[in-house]
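J.: Numbering (this note's numbering), first residue to last: 8 to 882.
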Amino acid sequence: MGIETPDDLVIHARRLHESVIADPQRFGGIAADLVRQARRSGPPAALALALRAQAWALRAQFAAAEAKRLLDEAAAVARRHALDQVLADVLVTRAVVNQELGNLTGAQRDLDTAAPLAAPDRAVELRFQTAVLHQNLGRLRPAAAAYRAVLADPGTSARLRVVAGNNLAMINAQYGRHADALRLLADAAARAPGVGPAHVAMVIETQAWVTVHAGRLTDGIRLFEAAARAHEAAGLPLGEHFVEYADALMDLRLIPEATDAARAAAEEFRLGGVPLMGAEAELRVAQLALLSGDPEQAEAASTAAIHSFDRQGRRAWKARATLVRAEARLHEGTATAADLRDARRVCRTLERQGTWSYAVGAYLITGRIAAALHRRADAVAAYRRAADLARRSPVLIRMRGRVAGAMAACLLGDDAAVLGYCRRGLADLARHRTALPSVELRALASGHGAELGQLGLEVVVRDGSAPRVLDWMERTRAAALLAVEPPGGTAVDDLEALRGIHAELDTLAVGDRGVTAPEPLVARQKQLEDRIRRASWHHGGPNRAVGATMRPAQLRGRLGGRTLVEYAVLGGDLVAVVVEPRRSRLVMLGPAAAVLDQVRTLFFALRRMTQPLPDSSLAAARLSADSRVARLRTMLLRPLTLPADAELVVVPVGHLHGIPWSALWDGPVSLAPSAALWARTSEAAGTRPRPGPTVLVEGPHLVGASTEVQRLRKLYPDATAVTPPDSTAAEVLRLLDGAGLAHLACHGWLRADNPLFSSLVLSDGPLTVQELQTSGAAPHRLVLASCQSGADVSYAGDEVLGFISSLLARGTAGVVASVAAVPDVAAVDLMYRLHESLADGRTLAHALFAAREELNRTDPAAYVNWCTFTAYGAA
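(1) Please determine, among 143, 118 and 145, the residue with the shortest C-alpha to C-alpha distance to residue 132.
(2) Specify the secondary structure class of residue 359 as computed by DSSP and reduced to three states.
(3) According to DSSP, which residues form a beta bridge with residue 766?
(4) Looking only at its own chain, which residues have a Cβ that is under 7 Å from the Cβ of residue 386, when we skip the five neighbours before and after it?
(5) If we cut at 8 Å on Cβ distances, does residue 188 have a partner in chain D?
(6) Which class does residue 598 belong to by DSSP, given the choice of helix, strand or coil?
(7) Please work out which residues of its chain come closer than 7 Å, Cβ to Cβ, to residue 21, disregarding the five sequence neighbours upstream and downstream, and give them in chain order.
(8) Near residue 144, which residues of its chain fall below 7 Å by C-beta distance, leaving aside the five closest residues on each side in sequence?
(9) Short check: CB of residue 882 to CB of residue 787, under 8 Å?
(10) Helix, strand or coil, according to DSSP, for residue 964 in the structure here?
(11) Alpha carbon to alpha carbon, what distance is there between residue 510 and residue 529?
(12) Under a Cβ-count criterion, where at least 16 other Cβ atoms within 10 Å of its own Cβ denotes burial, should residue 611 be classed as buried or exposed?
(13) Hey, could you find the ends of the alpha helix (DSSP H) residue 876 is sitting in?
(14) Does the Cβ of residue 260 have 16 or more other Cβ atoms within 10 Å, making it buried, or fewer, making it exposed?
(15) Between residue 879 and residue 678, how many whole angstroms is the CB-CB distance? I'm expecting something under 8 Å.
(16) Assuming residue 485 and residue 692 make a contact with CB atoms under 8 Å, what is their CB distance in whole Å?
(17) For residue 182, which three-state DSSP category applies?
(18) Can at least three beta-carbon pairs, one atom from the stretch 771–778 and one from the stretch 649–656, be found at a separation below 8 Å?
(19) Which residue wins for smallest C-alpha separation from residue 702, given the options 791, 674 and 109?
(20) Using a 10 Å radius around the Cβ and a threshold of 16 neighbouring Cβ atoms, would you call residue 399 buried or exposed?
(21) Quick check: what's the CA-CA separation for residue 88 versus residue 116?
(22) Specify the secondary structure class of residue 549 as computed by DSSP and reduced to three states.
(23) Going along the chain, which residues of its own chain have a beta-carbon closer than 7 Å to the beta-carbon of residue 226, five neighbours each way excluded?
(24) So what does DSSP say about residue 645, is it helix, strand or coil?
(25) Return yes when the Cβ of residue 785 is within less than 8 Å of the Cβ of residue 740, no when it is not.
(26) If contacts are defined as beta-carbon pairs under 8 Å, then residue 606 and residue 585 qualify, I think. What distance do you get, rounded to the angstrom?
(27) Classify residue 831 as buried or exposed, calling it buried when 16 or more other Cβ atoms lie within 10 Å of its own Cβ.
(28) Looking at the unbroken alpha helix (DSSP H) that takes in residue 278, where does it start and where does it end?
(29) By the 10 Å Cβ neighbour count, where 16 or more other Cβ atoms means buried, how is residue 26 classified, buried or exposed?
(30) When you compare only the Cα positions, how much space is there between residue 579 and residue 752?
(31) Check this for me: beta carbons of residue 315 and residue 286, under 8 Å apart or not?
(32) How about residue 102 and residue 136: are their beta carbons less than 8 Å apart?
(33) When you compare each of 773, 576, 591 and 616 to residue 598 by their alpha carbons, which one comes out closest?
(34) Between residue 83 and residue 51, what straight-line distance do the alpha-carbon atoms span, to the nearest angstrom?
(35) So, is residue 595 buried or exposed, given that buried needs 16 or more other C-beta atoms within 10 angstroms?
(36) Quick check on DSSP: helix, strand or coil for residue 164?
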């Protein structure tokens with residue numbers, strides 16, 4: 008080492024501590040070497056200071072218990088040899104570790120003991136560590152004052168300036184002062200590279216957290232990903248990063264991803280023995296369990312967090328966890344007057360702190376508990392306070408305030424005020440949603456407005472005006488699809504790699520004969536899908552927004568004599584608005600759950616009819632299917648008293664998108680995610696300057712597809728036809744863009760867990776919804792002779808994602824697709840007859856109806872095709 012004197016060893020040990028703080032990965036091993044040397048031949052001061060440096064390196068790796076053991080030894084050495092200033096330094100460091108171990112009382116004791124022993128030039132360090140302790144205890148005002156004093160002191164080191172500015176920024180963000188926070192962080196970011204990589208990672212992490220709290224969610228996600236890379240470059244664990252990242256993902260309603268992050272953080276802190284951050288991670292787990300609809304787990308996790316915060320003396324954090332537990336009990340139906348008292352105390356605590364964003368949520372939950380306990384006056388007071396506090400907050404907090412205001416008005420019977428709050432909240436959501444860069448994030452964001460949509464719908468339904476109800480339905484119907492991002496944003500290499508994995512899975516015959524996919528291959532597939540999704544989250548460029556509603560007279564003009572039926576769910580019951588050529592009507596229907604029970608049984612019967620079963624079993628399945636179709640007609644269409652010759656346009660809601668609507672009505676039927684989107688397809692159908700080319704695509708491994716394309720080539724002699732191995736995803740996308748009519752005969756796979764990766768199987772692998780969406784390809788009309796290609800997945804807030812919604816949003820005027828698995832060979836006749844009718848100039852809805860009428864429904868396979876293929880859009 009080149010150290011010859013005891014004094015040199017002491018100086019080196021003191022300097023090494025600063026180096027370890029800046030870069031624990033690089034200097035941790037050097038600190039361990041110095042401890043060994045000091046034990047052999049160094050003076051006591053060198054040993055104590057070297058132990059302190061090594062302890063900090065261990066602390067950075069979440070080995071807090073081992074770090075505490077070394078610091079205890081260092082303190083004992085310093086005391087034994089009356090090294091007061093060394094003892095002070097060791098105690099200040101041990102205070103940090105004690106906090107992370109959840110021993111905040113011990114941390115305070117260490118700082119109190121260190122204060123009279125420390126050298127004058129260590130006063131700033133003591134003030135800084137006291138501020139950190141205040142912050143962890145939830146005493147934000149004294150913490151902020153101490154950080155400001157540290158920053159104002161000319162003797163403050165660059166390291167402390169970075170950390171104090173970083174921590175003060177976090178407090179400012181909690182008070183809603185986001186611009187001040189970001190200015191502090193800009194200064195800290197400029198200084199951090201001169202301090203060390205650990206500080207660079209810390210500042211980027213806080214910039215991400217503050218940016219999210221300021222309402223700029225996708226910018227925050229981008230920064231969080233940069234923070235993860237910085238943590239890895241610095242050799243730091245990712246536990247704290249995962250905790251704060253979970254907050255951002257929660258606000259984006261990426262609940263599975265947020266849950267994974269929170270649980271990873273909780274596990275890392277548990278294994279590392281860091282209960283301070285472990286309790287915070289457990290609180291996130293509880294919040295996410297609530298959002299996932301699991302109040303029992305939420306209550307268990309929040310109770311564990313409460314006990315941890317209580318042991319640590321962190322009253323503000325305990326208050327937040329208590330609130331989550333009260334909300335979990337509310338969802339379970341077990342909330343009591345004691346929970347209401349607890350919630351009120353939390354409200355007072357958070358408001359006294361000045362942390363308005365947390366206080367808004369607290370008052371909203373308090374109002375809900377009071378309302379559930381029939382304490383109307385208490386509920387109204389809590390709701391109104393939430394609405395008042397939220398007025399100048401970021402958009403998602405402001406929307407919680409709108410919900411609270413609407414709930415108060417609802418309890419007071421003030422319908423006009425309910426609608427006012429709901430309209431303003433949905434307008435806030437529309438601005439927020441349009442700024443998001445991908446259809447996935449926009450669809451998820453609509454969930455923030457689901458309650459506002461229901462509150463407003465209840466008022467307008469009670470009013471009884473069909474036009475007002477339709478207008479309200481359209482405010483929340485497929486709104487994510489009305490802002491279309493520009494094409495691009497997906498890396499071609501990742502798409503090709505994903506297709507390569509699918510090729511491997513296909514080779515292994517995964518799913519056949521009980522074969523399961525190898526775990527490394529599945530992990531690689533998930534990694535690629537995540538990367539592809541994230542690329543779309545960061546894709547720049549302005550979205551093209553389109554108005555969501557239109558007057559009934561305008562809609563009738565687009566319908567051209569058709570009858571539109573739009574469904575909604577209100578409090579578990581179905582309602583429908585019927586727009587006929589001369590009038591509009593509102594019809595109340597039965598419980599939605601009863602409809603879904605029939606649908607589940609119908610699809611079970613249809614699946615059986617595609618299998619090689621005995622005739623008796625097929626006959627029983629057919630009988631069941633007929634019964635369910637008849638029952639669904641009775642529940643969904645018969646109460647509407649429609650003319651028998653009406654051509655229908657159906658706008659379903661939620662799981663009703665998966666119903667085989669063509670089977671329920673003896674006439675042409677077309678569907679759309681919203682009336683506004685159907686009107687857009689009508690405009691596209693009427694303004695097409697001239698038809699583009701016809702494209703026929705045959706996918707691999709389908710006998711029926713080959714026959715189908717061969718027959719259609721005779722019908723369309725000028726068509727461009729691609730067959731395996733030339734029917735690759737890239738070639739098909741190229742041909743689809745600008746095509747007048749396209750027909751794809753291939754396998755289809757539904758991904759209910761992630762509909763953007765639902766796919767059509769082409770010669771080189773899957774063509775996913777995600778790729779179709781980001782490519783911008785939009786043929787004028789498209790026939791998808793594929794299983795489940797019409798089965799879009801519904802989201803909270805009346806959103807849907809899948810092939811149909813993506814195509815219609817991009818400008819396709821009409822699609823035919825199936826909502827279920829279909830028999831391959833049996834579909835050939837249906838598809839040929841469909842195209843014969845299209846060649847005669849009919850719309851897809853009329854052509855499909857005519858083709859279905861010619862099927863022999865006594866054949867099980869033909870019956871399934873008759874039942875499940877549906878037309879979408881106006882063309």
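We treat Cβ as the ideally placed atom computed from N, Cα and C, and that holds for glycine.
T.: Inspection of the coordinates gives the following:
(1) 118
(2) helix
(3) 756 and 775
(4) 374, 377, 378 and 418
(5) The chain inventory of the structure shown lacks chain D, comprising one protein chain alone.
(6) strand
(7) 56
(8) 111, 320 and 321
(9) yes
(10) Not covered by the structure: residue 964. The range shown for the chain is 8 to 882.
(11) 13 Å
(12) exposed
(13) That residue, residue 876, is in no alpha helix (DSSP H); its beta strand (DSSP E) goes 876–880.
(14) buried
(15) 5 Å
(16) Actually they do not touch by this definition, with Cβ atoms about 18 Å apart.
(17) coil
(18) no
(19) 791
(20) exposed
(21) 21 Å
(22) For residue 549, the pLDDT reaches just 49, beneath the cut-off of 50, and the residue's location in the model is therefore unreliable, although a value from the coordinates is still provided. Coil, per DSSP.
(23) 218
(24) helix
(25) no
(26) The pair is not a contact, with the Cβ atoms about 21 Å apart (cut-off 8 Å).
(27) buried
(28) 262–279
(29) buried
(30) 38 Å
(31) yes
(32) yes
(33) 576
(34) 10 Å
(35) exposed
(36) coil
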